[in-house]
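Trainee:
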Amino acid sequence: MSIEITGVNKSFGDFVALDNVNLSLPTGQLTALLGPSGGGKSTLPRIIAGLDNADTGSVSIEGVEATHLPPQKRNVGFVFQHYAVFKHMSVAKNVAFGLEIRKKPKAEVKARVAELLELVHLSQFADRLPSQLSGGQRQRLALARALAVEPSVLLLDEPFGALDAKVRKELRDWLRRLHDEVHVTTVFVTHDQEEALEVADEIVVINQGRVEQVGTPDELYDAPASDFVMSFLGEATTLGGQLIRPHDIELSVTPLVVGGVEGVVSRVLRVGFEVRVTVLTDAGEEVVVVVTRTAARHLGVQEGRHVWLSPAAGAVTLPSAGLPAGTALHAV
Amino acid sequence: MVRTPALLRWTLRLVVIAYLLLLVAWPVSLVVRNTFADGFDALSTAFADAHVVHALELTAVVALVSVLINVVFGVTVSLLLVRHEFPGRRLLSVLIDLPMSVSPVVVGLALLLVYNPRGGWFGEGLASSGVQVIFSTPGMIMATVFVALPLVIREVVPTLQEVGDEQEWAARSLGASGFQTFTRITLPSIKWAVIYGVVLSLARSLGEYGAVKVVSGNIVGRTQTATLVVEERYQNFDQATAYATAFLLASAAVACIVVVAFLRPKHSVS
Chain A
170 MSIEITGVNK SFGDFVALDN VNLSLPTGQL TALLGPSGGG KSTLPRIIAG LDNADTGSVS
230 IEGVEATHLP PQKRNVGFVF QHYAVFKHMS VAKNVAFGLE IRKKPKAEVK ARVAELLELV
290 HLSQFADRLP SQLSGGQRQR LALARALAVE PSVLLLDEPF GALDAKVRKE LRDWLRRLHD
350 EVHVTTVFVT HDQEEALEVA DEIVVINQGR VEQVGTPDEL YDAPASDFVM SFLGEATTLG
410 GQLIRPHDIE LSVTPLVVGG VEGVVSRVLR VGFEVRVTVL TDAGEEVVVV VTRTAARHLG
470 VQEGRHVWLS PAAGAVTLPS AGLPAGTALH AV
Chain B
12 MVRTPALLRW TLRLVVIAYL LLLVAWPVSL VVRNTFADGF DALSTAFADA HVVHALELTA
72 VVALVSVLIN VVFGVTVSLL LVRHEFPGRR LLSVLIDLPM SVSPVVVGLA LLLVYNPRGG
132 WFGEGLASSG VQVIFSTPGM IMATVFVALP LVIREVVPTL QEVGDEQEWA ARSLGASGFQ
192 TFTRITLPSI KWAVIYGVVL SLARSLGEYG AVKVVSGNIV GRTQTATLVV EERYQNFDQA
252 TAYATAFLLA SAAVACIVVV AFLRPKHSVS
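The structure is reproduced here in structure tokens:
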């Protein structure tokens with residue numbers, strides 16, 4: 170195991186950022202810490218890196234007890250949301266920083282910097298100042314700088330949070346490919362479930378300072394351990410008191426199945442290739458159903474129409490414990 | 012942008028120009044004119060006067076040492092105020108502004124009360140161990156440090172806040188020690204704020220009068236600084252020397268500001 174976190178608690182005044190967190194992250198894996206904004210998930214990498222101290226509990230990195238080590242002794246690379254590149258140094262100097270601190274021979278530093286700039290596609294900008302780079306380029310620079318010292322763990326705190334949607338997507342794919350090349354144990358924080366599902370080998374869902382579930386993207390999506398995980402990863406709605414994904418509901422205009430829930434279509438919204446149908450059931454539940462445009466047209470779904478709803482075969486459902494009936498949850 | 016009417020624009024300009032002219036430019040230019048009324052006579056007379064030369068040297072020493080102390084202390088306190096949480100931080104921040112609001116004469120008297128060799132709180136003990144603070148250079152440096160204390164801090168604190176601590180943390184995570192982080196990351200990013208602080212405190216220290224007058228005793232040829240020379244000569248009808256010394260003080264301050272204006276890069280970050 171590369172990182173072992175045992176019984177970590179951290180509060181800032183009244184705010185509980187981490188509540189008895191136990192986690193072990195295997196070597197060489199790309200892990201996402203996923204949770205809503207303000208849920209305390211950014212505190213965890215800061216504690217792993219030594220930028221914050223845990224109130225109680227311990228952290229060990231590569232088998233070394235690190236709870237009380239200063240950040241410079243942990244051999245951890247950290248990438249900040251707002252890049253934190255050294256503004257007064259050139260791109261090459263930024264990347265060389267960690268190596269120069271370690272007093273590596275000049276030739277070695279030069280070779281390594283060239284290699285890393287190549288890796289992050291910034292070779293032609295080596296002599297520029299960070300202020301002359303775009304946001305995405307700065308974040309790649311920050312990554313190269315962190316990788317230069319060959320850290321045993323790479324931590325990224327909402328690395329793409331400050332970038333626009335298109336650059337985000339590019340960098341996300343690029344991070345995945347980079348990880349496949351470099352294989353350094355990587356932990357990145359995100360509040361974007363799509364980002365986590367797409368990039369990570371393993372996802373740790375954190376809510377209100379507690380670990381809700383740990384698993385591969387498929388496991389989390391197919392077998393959510395709690396209604397929070399179900400509604401946070403992808404969309405969820407309630408049907409007959411059960412949490413269910415809107416695309417797992419079958420909609421028909423005749424009472425086909427026994428136990429089908431009857432209701433009236435209250436709203437039809439077309440979004441690209443899919444149609445989102447809001448149905449008010451006779452029991453007073455508001456259910457969101459997603460069907461394809463073709464299906465919607467074939468069935469003749471329109472406002473005021475009587476329909477019957479039933480879970481599709483093999484659909485994942487969870488009893489919706491804490492959620493008031495009729496609440497449609499959307500992923501942030 | 013809304014265009015101001017031409018008449019109003021010109022009136023405003025005239026008011027500002029007249030104000031600066033009457034208050035600053037004209038009086039200062041009169042000092043220059045009086046200094047050079049007889050060519051370089053006034054200046055050469057002043058430089059031939061051993062007491063004036065001693066006063067100028069003493070002023071330089073007191074100002075330089077005070078600036079040095081204020082820079083070291085100022086940067087340290089700024090880091091403490093911005094980067095650390097501790098009880099009494101706000102109180103410290105208020106205390107640092109105190110020298111700005113208290114009259115320098117009061118500062119001088121306060122130092123006198125503490126360090127006076129006859130009856131001062133520390134003064135007697137220090138005097139018996141052979142250290143004389145009042146009526147000598149250490150006391151004058153203390154008074155000057157006191158009055159110029161907030162200048163470096165007030166320049167550095169906002170810059171430190173603006174720069175933030177993420178670059179410092181990044182350096183730490185890359186293996187830099189606290190000291191390496193300070194010299195390689197923190198100091199370069201607050202460089203210009205420190206330089207401005209130095210210039211302001213240098214100008215302030217060169218021109219200090221009230222506090223220094225009280226603690227120095229104004230002993231001619233021993234503890235008399237340039238500002239004290241100006242006042243003493245002017246009172247004793249040696250106006251030429253008074254103007255020449257005043258001119259030298261003003262030139263030193265202007266030179267500082269000009270040098271910085273030229274040194275500072277046009278698109279610097281801080």
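Quick note, the sequences are listed as chains A and B, same order. Those letters in the first sequence? Residues 170 to 501, per the numbering used here, in order. Those letters in the second sequence? Residues 12 to 281, per the numbering used here, in order. Backbone N, C-alpha and C fix where the C-beta goes; we use that ideal spot for every residue, glycine too.
1. Going by DSSP, which residues form a beta bridge with V373/A?
2. Select from T196/A, L366/A, A218/A and A482/A the residue whose C-alpha is nearest the C-alpha of V248/A.
3. V167/B and A214/B: beta carbons closer than 8 Å?
4. Name the chain B residues that come within less than 9 Å of L238/A, Cβ to Cβ?
5. Under DSSP, the beta strand (DSSP E) around Q411/A begins and ends at which residues?
6. Using a beta-carbon distance below 8 Å, is L402/A in contact with chain B?
7. Measuring straight from C-alpha to C-alpha, what distance separates G495/A and V398/A?
8. Check each residue of the segment 184 to 211 of chain B: if its Cβ is closer than 9 Å to any Cβ of chain A, include it; give the result in chain order.
9. V185/A to E350/A, Cα distance in whole Å?
10. Taking C-alpha atoms, which residue in D296/A, T196/A, A265/A and V278/A lies nearest to E231/A?
11. Which same chain residues, not among the five before or five after H62/B, have their C-beta less than 6 Å away from its C-beta?
12. Chain B beta carbons: is any one of them nearer than 8 Å to that of V318/A?
13. Listed from N- to C-terminal order along the chain, which residues in the segment 252 to 272 of chain A have their beta-carbon within a distance smaller than 7 Å of any beta-carbon of chain B?
14. Please state the DSSP three-state secondary structure of F248/B.
15. Starting from the beta carbon of Q178/B, find every residue of chain A whose beta carbon is closer than 7 Å, and list them in chain order.
16. Please check the pair I418/A and A464/A, which I expect to be a contact at CB under 8 Å, by giving their CB distance rounded to whole angstroms.
17. Alpha carbons only, please: which of S188/B, I196/B and V93/B is nearest the one belonging to K262/A?
18. Which same chain residues end up closer than 8 Å to Q235/B when comparing Cβ atoms and leaving out the 5 residues on each side of it in sequence?
19. Counting only C-beta atoms, is G329/A closer than 8 Å to chain B at any point?
20. Is the beta carbon of V440/A sitting closer than 8 Å to the one on V458/A?
21. Taking H348/A as part of the beta strand (DSSP E), name the residues at either end of that continuous run.
22. DSSP beta-bridge partners for K165/A?
23. Under the rule that 16 or more other beta-carbon atoms within 10 Å means buried, what is D156/A, buried or exposed?
24. Looking only at DSSP bridge pairs, what is I10/B linked to?
25. With Y126/B and L137/B assumed to form a contact (beta carbons below 8 Å), what rounded beta-carbon distance in angstroms separates them?
26. Less than 7 Å between C-beta atoms, sequence neighbours within five positions excluded: which residues of the same chain meet that for I372/A?
27. How about L213/A and L187/A: are their beta carbons less than 8 Å apart?
28. Can you tell which of A29/B, S40/B and A74/B has the C-alpha that lies nearest to the C-alpha of M151/B?
29. Taking only beta-carbon atoms, is V245/A less than 8 Å away from chain B?
30. For the beta strand (DSSP E) that W477/A lies in, which residues bound it at each end?
31. Throw me the rounded Cβ distance for the N376/A and P488/A pair, which I believe falls under 8 Å.
32. So if I threshold CB-CB distances at 9 Å, which residues from the segment 299 to 317 of chain A count as touching chain C?
33. Check for me: the beta strand (DSSP E) holding I174/A runs from which residue to which?
34. Which residues in chain A sit within 7 Å of A255/B, going by Cβ to Cβ distance?
35. Residues of the segment 208 to 237 of chain A in Cβ contact with chain B at a cutoff of 7 Å, in chain order, please.
36. If you pair each beta-carbon of the segment 42 to 56 of chain B with each one of the segment 216 to 225 of chain B, do three or more pairs fall below 8 Å?
Mentor: The structure says:
1. L202/A and V383/A
2. A218/A
3. no
4. Here the premise fails: no neighbours, minimum Cβ distance about 11 Å.
5. Per DSSP, the continuous beta strand (DSSP E) segment holding Q411/A begins and ends at Q411 to I413.
6. no
7. Unreliable placement is indicated for G495/A, whose pLDDT of 41 sits below 50; no coordinate value is reported for it.
8. S184, L185, G186, A187, S188, G189, Q191, T192, R195, I196, P199, S200 and K202
9. The alpha-carbon atoms of V185/A and E350/A are separated by roughly 37 Å.
10. T196/A
11. V231 and G232
12. yes
13. Residues passing the 7 Å Cβ filter: A253, F255, K256, H257, F266, G267, I270 and R271.
14. F248/B: coil per DSSP, three-state reduction.
15. A253 and F255
16. Going by Cβ atoms, the distance from I418/A to A464/A rounds to 12 Å, so no, they are not a contact pair.
17. Residue I196/B is the option with its Cα nearest to K262/A.
18. H62, H65, A66, L69, S227, N229 and E243
19. Strictly speaking, residue 329/A in this sequence is Phe, with Gly absent from that position. With its beta carbon at least 8 Å from every one in chain B, F329/A lies outside the interface.
20. V440/A is not a Cβ neighbour of V458/A, given a cutoff of 8 Å.
21. Unbroken run through H348/A is the alpha helix (DSSP H), A334 to V351; no beta strand (DSSP E).
22. An answer regarding residue 165/A cannot be provided, because it is not within the stretch 170 to 501 covered by chain A.
23. As displayed, chain A neither begins before 170 nor continues past 501, which places residue 156/A out of reach and without an answer.
24. Residue 10/B lies beyond the range of chain B shown here (12 to 281); nothing can be said about it.
25. Approximately 7 Å separates the beta-carbon atoms of Y126/B and L137/B; this is inside 8 Å, confirming the contact.
26. A201, L203, A365, G384, P386 and L389
27. yes
28. A74/B
29. yes
30. H475 to P480
31. Contact doesn't hold; Cβ gap of about 18 Å is too wide.
32. Among the protein chains in the structure shown, which are A and B, there is no chain C.
33. I172 to F181
34. The premise fails here: A255/B is roughly 43 Å from chain A at the closest Cβ pair, so nothing lies under 7 Å.
35. A218 and L220
36. The way I'd put it, the segment 42 to 56 of chain B doesn't touch the segment 216 to 225 of chain B; fewer than three beta-carbon pairs between them come closer than 8 Å.
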